[in-house]
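**Student:** Numbers given in this note's numbering equal positions in the sequence shown, counted from 1, plus 315.
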Amino acid sequence: MENLKVCISLEKREEAIENILEFITNEFGGFDITSNFVIKLLEDTIQNVEQKSLDLPLKYLK
């Protein structure tokens with residue numbers, strides 16, 4: 316496996332996090348979303364990505 320190091324700015328990281336949270340809020344707009352719900356959803360998402368393959372670029376994980 317190839318070791319890759321990706322560097323992004325703190326500003327870009329925070330922007331990505333805000334976009335993810337905004338997406339979740341919009342997707343479940345009719346419900347009261349809790350932090351626990353978001354944590355579980357993100358944990359499940361990470362697990363899903365791991366199961367599909369850690370070596371593939373994200374654009375191929377469909």
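C-beta atoms are modelled at their ideal positions from N, C-alpha and C, and glycine is treated no differently.
(1) Suppose you measure from the CA of Ala331 to the CA of Phe346; what does that come to, to the nearest Å?
(2) Ordered along the chain, which non-local residues of its own chain (more than five positions away) have a Cβ less than 6 Å from that of Ser368?
(3) Anyone know if the C-beta pair for Val321 and Ile339 falls short of 7 Å?
(4) State the Cα-Cα distance for the pair Ile361 and Leu373, rounded to the nearest angstrom.
**Tutor:** Taking the structure as given:
(1) 23 Å
(2) none
(3) no
(4) 12 Å
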